[in-house]
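Engineer: Top line first, the protein sequences correspond to chains X and G. Add 316 to the 1-based position in the first sequence for the working numbering, that's all there is to it. Add 4 to the 1-based position in the second sequence for the working numbering, that's all there is to it. Even glycine gets a Cβ: it sits at the ideal position worked out from N, Cα and C. Nothing here was measured: the structure is a model prediction, and the numbers come from that model.
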Amino acid sequence: MKFLKKYKKPIIVIAVIVAVIIVLGALLPTKQELLSCASPEMQKMIEEDATRSRKRVTETYESLIVINYLSLSTSGAQEVSEHYVGFVRNVYPADEGPMKVVGQMVNYTYRMLGCGENWMHGAKLTVLLTTLTVLFGLLLGTVLALGKISKNKVLSKISSGYIFFFRGTPLLIQLFVVYFTVPGIFGFAWRDIFPASDAEAVYKGAFTAALIAFALNSGAYCAEIVRSAIQSIDKGQFEAAKALGMTYGQTMGRIVIPQSIRRMIPNVSNEFIMILKDASLVFAISLMDITTISKNIMTSEGSYLVFIPALVIYLVITAFFGFIFNKLEKRFSIYE
Amino acid sequence: MSENYEYILKTEHVSKRFGTLEVLKDINLSVKKGEVICIIGPSGAGKSTFLRSLNQLEKITSGKIFIRDELFLHREHDHTVDKLPHEKQQELLLEMGMVFQRFNLFPHMTVLQNVCEAPVVVKKQKKSEAEAQARELLEKVGLSDKADEYPSRLSGGQQQRVAIARALAMNPEIMLFDEPTSALDPELVGDVLNVMKELAESGMTMLVVTHEMGFAKEVADRVLFMADGIIAEEGTPDQIFTNPQVDRTKSFLNAILET
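#1: For my contact list, X/A525 and X/I601 are in at a C-beta cut-off of 8 Å; report their separation, rounded to the angstrom.
#2: Determine the contact status of G/I69 and G/K14, defining contact as a CB-CB distance below 9 Å.
#3: Tell me, please, whether the segment 81-99 of chain G touches the segment 41-48 of chain G by the rule of three or more beta-carbon pairs shorter than 8 Å.
#4: Do you know offhand how far X/G500's Cα is from G/M174's?
#5: Quick one: Cα of X/N406 to Cα of X/R579, how far?
#6: Assuming the contact rule is C-beta atoms closer than 8 Å, X/F648 and X/I577 should be a hit. Round their C-beta distance to whole Å, please.
#7: On the DSSP letters alone, give me the boundaries of the beta strand (DSSP E) that X/D508 sits inside.
#8: Which same chain residues end up closer than 6 Å to X/V542 when comparing Cβ atoms and leaving out the 5 residues on each side of it in sequence?
#9: Tell me which residues of the segment 546-575 of chain X have at least one Cβ-Cβ distance to chain G shorter than 7 Å, keeping chain order.
#10: So with Cβ pairs under 9 Å, would you call G/N108 a contact of chain X?
#11: Is it right to say G/E74 is buried, meaning 16 or more other beta carbons lie within 10 angstroms of its own, or is it exposed?
#12: Write down the C-beta distance between G/L147 and G/V166 rounded to the nearest angstrom, noting that I regard them as a contact closer than 8 Å.
#13: Determine the closest residue to G/P176 out of G/D82, G/I31, G/M100, with distance taken between C-alpha atoms.
#14: For G/V126, which of helix, strand or coil comes out of DSSP?
#15: With DSSP as the reference, label G/R21 as helix, strand or coil.
#16: Going by Cα to Cα distance, which pick from X/L451, X/A515, X/T567 is closest to X/L527?
#17: Using the beta-carbon count (16 or more within 10 Å), is X/H399 buried or exposed?
#18: Could you say if the segment 71-85 of chain G and the segment 238-252 of chain G meet the contact criterion of at least three C-beta pairs nearer than 8 Å?
#19: Quick one: give me the first and last residue of the alpha helix (DSSP H) that G/T214 is part of.
#20: For X/Y408, go through chain G and note every residue whose CB falls closer than 8 Å to its CB, in chain order.
#21: Is the Cβ-Cβ distance between G/L211 and G/M179 less than 9 Å?
#22: DSSP beta-bridge partners for G/R79?
#23: Tell me which residue opens and which closes the beta strand (DSSP E) that X/L445 is part of.
#24: In angstroms, rounded to a whole number, what distance separates the CA positions of X/R483 and X/A536?
#25: Check the DSSP bridge columns for G/V103 and list the partner residues they point to.
#26: With DSSP collapsed to three states, give me the class of G/C42.
#27: Cα separation between G/S186 and G/Q105?
#28: On the DSSP bridge assignment, give the partners of X/Y408 in chain order.
#29: Give me, in chain order, the residues of the same chain whose beta-carbon lies closer than 8 Å to that of G/F107; leave out the 5 immediate sequence neighbours on both sides.
#30: What are the boundary residues of the beta strand (DSSP E) that includes G/A236?
#31: With 7 Å as the limit, tell me which residues of the segment 84-116 of chain G have their beta carbon closer than that to any beta carbon of chain X; keep them in chain order.
#32: Determine which residues of the segment 122-139 of chain G have a Cβ less than 7 Å from any Cβ of chain X, and write them out in chain order.
#33: Pick from G/E10, G/S206, G/I44: whose alpha carbon is nearest that of G/E183?
#34: Taking CB distances under 9 Å as the criterion, tell me whether G/N175 reaches chain X.
#35: 9 Å is my cut-off, CB to CB: does X/E375 come that close to chain G?
#36: I need the straight-line Cα distance from G/T84 to G/N59, nearest angstrom please.
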C-alpha cells in the first residue's frame with residue numbers, strides 16, 4: 317500500500333499507457349483483413365502465386381503492436397505496388413498522401429528496431445553492444461583506476477598512459493585498428509573465430525571487434541569515473557578501516573568501492589548515453605545497427621524522412637536507460 | 005601471548021615533522037596496563053598526531069615505539085631502522101582500537117554490520133558469533149534498538165557510541181580516543197562520556213585526547229599537557245588542575261576555565 321501511495325502518479329500514467337496499447341492492439345486489423353482490401357488484380361495474382369514455384373508478388377507485412385503495414389509489389393514488365401496501413405479496425409490505402417508517409421514510418425521503424433530479426437539487427441544490436449561495452453568498460457575502468465591511484469609507480473604510469481592514449485585518439489580509428497589492423501598484423505580474420513557454417517559469422521566477427529574496440533575505449537573513460545568516485549570518499553573511511561586492521565584490498569572491496577558506486581551512477585549513465593550514440597560508428601564496419609539501416613533505406617529508397625524515426629528511436633532508448641539509472645541511484649542512496 | 009611485560013605501550017624520543025613543521029618533538033611516554041591517560045592542550049599541539057602515529061596512521065620521523073616491551077618500530081630521519089615483521093605488527097595493531105573525532109562509521113552498512121565487519125573480515129570470526137557479540141556491545145553502549153539503522157539516521161552522539169562499539173568488537177587492549185566529543189552538540193556529549201567512563205572502570209587501558217576537563221579530572225589516572233609538540237607537563241589530575249607548575253599550563257587552564 318505504501319508503495320502504491322508513493323508512486324501513485326507514475327503508476328497511473330503507466331497503467332493508462334498500457335491500457336491504451338492493449339485496447340489499440342486488440343482493435344488492430346489482422347493481416348487477412350489488410351489483404352482483403354487489396355485490388356482484385358492483386359488478389360488474383362496472389363491466388364495464382366499459391367500454386368506457382370516462382371512468385372510474382374512480394375509481400376511485406378509488419379506489425380508494431382498498435383499499427384501494421386502491408387506492402388504488395390510485383391516486379392517485371394507491369395510493375396504494380398499497393399500499400400495498406402491498419403489502425404483501430406480500419407484499413408487505409410497508403411499509396412499516396414499522408415497515409416503513404418505513415419506507412420513508410422511504420423516500415424522504417426519496424427526495420428530499424430530489428431523486429432523479426434535476431435540480435436544482430438537494428439536497435440537490438442545497438443542496445444546489446446552498448447550494454448556489454450559499459451559492463452566491460454566498468455570492469456576494465458576499475459582495474460585502471462586502482463592502477464592509477466596505486467603507489468606503485470609502474471602500474472600508475474601504465475594506467476595513465478593507457479587512459480591518455482584511448483582518450484586522445486578517435487574512437488572510429490580505434491575501431492578500424494581493431495577491425496582491420498590487428499587481424500592484418502597477426503594474420504587472422506574476425507569471422508574465423510566463428511564456425512564457417514555460421515551464415516552470420518562475418519557479422520558476429522565484426523560485432524566482436526566492435527565490442528573489443530568500444531570496451532577498450534570505454535575503459536579509459538570509466539577509469540576516470542571510478543577514480544574520481546574513489547577519491548571523493550572521505551579519507552576517514554580509509555583510516556577507520558586501517559585502524560580496524562583491514563588490508564588495502566579489503567578496504568577497497570568492502571568499504572570504498574561499494575560507497576563509490578552510488579557516486580559513479582550519474583557519470584556511468586552519461587557514459588552509457590555517449591556509447592549508445594557512439595555505437596552508430598559501427599556503420600563503418602557494416603554492422604546493421606539503427607544508423608546503418610537508416611542510411612541504407614536512404615540510399616536504396618531515397619527517403620529523406622527515414623532519419624526522423626531514427627532520432628525518435630535513439631531518444632526512446634536514452635529515456636528508458638536514463639530512467640533505469642535514476643532508479644538505480646535512488647536504490648543505492650538508501651543509506652544517505 | 006606473554007603477559008609478562010612492564011609497559012603495554014611505550015614511546016622513546018618520538019618526533020614527527022610535516023615538511024619543515026615539527027609537530028612532535030621527542031615524546032617519551034610509558035603506559036601501564038589499565039591506565040587511563042588524558043592528553044589535553046591547545047589545538048595544534050600535536051595531540052592527535054601523537055595518537056595517530058601510535059597506530060601507524062601517521063609515520064613517525066624518528067623515535068621508537070614499543071608494544072608490550074617489544075620494539076615495534078624504530079625510525080631515524082624518516083627511515084625505518086628496525087621493526088617487527090609485518091604480520092606481527094598487524095597482530096599487535098589489532099590490540100589498539102581507535103575512535104575518531106568524526107566517527108568515520110561506514111555509511112553504507114547498518115549499525116550491526118559496522119560492528120561485525122572487522123571481526124568477520126579481519127579476524128575471520130563466524131558471522132553468527134560476531135553478531136551476537138555485536139549485539140552485546142550495542143547493548144553496552146545503550147543502542148541495542150538501533151542495530152538495523154543506517155548511521156545517517158543516528159545523532160552524532162549515537163554514531164560515536166557505535167564507533168566505540170565497533171572498536172571494542174576487535175577486543176583491543178588499548179583504546180585510543182581522538183577528541184571523541186569535539187564534533188558533538190553539547191547535549192550529546194554526556195552519553196558518550198558515560199560510555200567511556202564505564203569502559204575506564206572496567207579496566208580498559210585508554211589514551212584520550214580531549215577538551216573535556218571534567219572528564220579528565222574524574223576519570224584519568226594521569227593527565228598530560230601537550231603544547232608545541234612536547235609534553236609540557238605531566239601529573240595526576242589533581243596536580244595538573246589545581247597546582248600546575250608550568251606557565252603554559254596555567255595560561256591554558258585559565259583560558260579554558262574562563263569560558
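Structural biologist: Here's the rundown:
#1: Looking up residue 525 of chain X in the first sequence gives position 209. Looking up residue 601 of chain X in the first sequence gives position 285. Correct: roughly 7 Å between the Cβ atoms.
#2: Numbered from its first residue, the second sequence carries residue 69 of chain G at position 65. Numbered from its first residue, the second sequence carries residue 14 of chain G at position 10. Yes, the pair counts as a contact, with Cβ atoms nearer than the cut-off.
#3: no
#4: To locate residue 500 of chain X, count along the first sequence from 1; it is residue 184. To locate residue 174 of chain G, count along the second sequence from 1; it is residue 170. Going by the C-alpha atoms only, they are around 59 Å apart.
#5: Within the first sequence, numbered from 1, the residue matching residue 406 of chain X stands at position 90. Within the first sequence, numbered from 1, the residue matching residue 579 of chain X stands at position 263. Each residue's alpha carbon lies about 51 Å from the other.
#6: Along the first sequence, one-based indexing puts residue 648 of chain X at 332. Along the first sequence, one-based indexing puts residue 577 of chain X at 261. That pair is a contact at about 6 Å.
#7: Here residue 508 of chain X refers to the residue found at position 192 when the first sequence is read from its first residue. First-last for X/D508: undefined, no H or E at that position.
#8: In the first sequence, counting from the first residue as 1, residue 542 of chain X sits at position 226. G457, T458, A461.
#9: G552, Q553, E555, A556, K558, A559, L560, G561, M562, Q566, R570, I571, P574, Q575
#10: Counting from one through the second sequence, the residue named residue 108 of chain G turns up at place 104. Yes - at least one Cβ of chain X is within 9 Å of the one on G/N108.
#11: Residue 74 of chain G sits at position 70 when you count from the first residue of the second sequence. By the neighbour-count rule (16 or more Cβ atoms within 10 Å), G/E74 is not buried but exposed.
#12: Taking the second sequence and counting its residues from 1, the one referred to as residue 147 of chain G is at position 143. Taking the second sequence and counting its residues from 1, the one referred to as residue 166 of chain G is at position 162. Sure, about 6 Å apart at Cβ, within 8 Å.
#13: In the second sequence, counting from the first residue as 1, residue 176 of chain G sits at position 172. Nearest of G/D82, G/I31, G/M100 to G/P176, Cα basis: G/M100.
#14: As a position in the second sequence, residue 126 of chain G is number 122, starting the count at 1. It is coil, neither helix nor strand.
#15: Here residue 21 of chain G corresponds to residue number 17 of the second sequence, with the count starting at 1. Strand at G/R21.
#16: Taking the first residue of the first sequence as 1, we reach residue 527 of chain X at position 211. Out of X/L451, X/A515, X/T567, X/L451 has the C-alpha closest to the C-alpha of X/L527.
#17: Position 83 of the first sequence, counted from the start, is the residue given in the question as residue 399 of chain X. Classification for X/H399: buried.
#18: no
#19: Walking along the second sequence from the start, residue 214 of chain G turns up at place 210. That residue, G/T214, is in no alpha helix (DSSP H); it is neither H nor E in DSSP.
#20: One-based indexing of the first sequence puts residue 408 of chain X at position 92. Near X/Y408 there are no residues of chain G at all, since even the closest Cβ is about 57 Å away, more than 8 Å.
#21: Counting from one through the second sequence, the residue named residue 211 of chain G turns up at place 207. Counting from one through the second sequence, the residue named residue 179 of chain G turns up at place 175. In contact: G/L211 and G/M179 (Cβ atoms closer than 9 Å).
#22: Taking the first residue of the second sequence as position 1, residue 79 of chain G is located at position 75. In the DSSP output, where bridge partners are listed per residue, G/R79 has G/G67, G/T84.
#23: Working through the first sequence from its first residue, we reach residue 445 of chain X at position 129. Element bounds for X/L445: not the beta strand (DSSP E) but the alpha helix (DSSP H), 438-465.
#24: Position 167 of the first sequence holds residue 483 of chain X. Position 220 of the first sequence holds residue 536 of chain X. Their Cα atoms are separated by approximately 7 Å.
#25: Here residue 103 of chain G is taken as the residue at index 99 of the second sequence, counted from 1. G/F181.
#26: To locate residue 42 of chain G, count along the second sequence from 1; it is residue 38. G/C42: strand per DSSP, three-state reduction.
#27: The sequence position of residue 186 of chain G within the second sequence is 182, counting from 1. The sequence position of residue 105 of chain G within the second sequence is 101, counting from 1. The alpha-carbon atoms of G/S186 and G/Q105 are separated by roughly 6 Å.
#28: In the first sequence, residue 408 of chain X corresponds to position 92, counting from 1. Answer is X/V401, bridged to X/Y408.
#29: Counting from one through the second sequence, the residue named residue 107 of chain G turns up at place 103. So the list reads P155, G160, Q163, Q164, V166, A167, A187, once near-sequence residues are dropped.
#30: Within the second sequence, the letter at position 232 stands for residue 236 of chain G. Start and end: 234-239.
#31: Q94, L97, L98, M102, F104, R106, N108, F110, P111, H112
#32: A122, V125, V126
#33: As a position in the second sequence, residue 183 of chain G is number 179, starting the count at 1. It is G/I44 whose Cα lies nearest to the Cα of G/E183.
#34: As a first step, residue 175 of chain G is located in the second sequence; it is residue number 171 there, counting from the start. G/N175 does not count as touching chain X.
#35: Position 59 of the first sequence, counting from 1, holds the residue named residue 375 of chain X. False, the Cβ-Cβ gap to chain G never drops below 9 Å.
#36: To locate residue 84 of chain G, count along the second sequence from 1; it is residue 80. To locate residue 59 of chain G, count along the second sequence from 1; it is residue 55. Straight-line Cα distance between these residues: approximately 16 Å.
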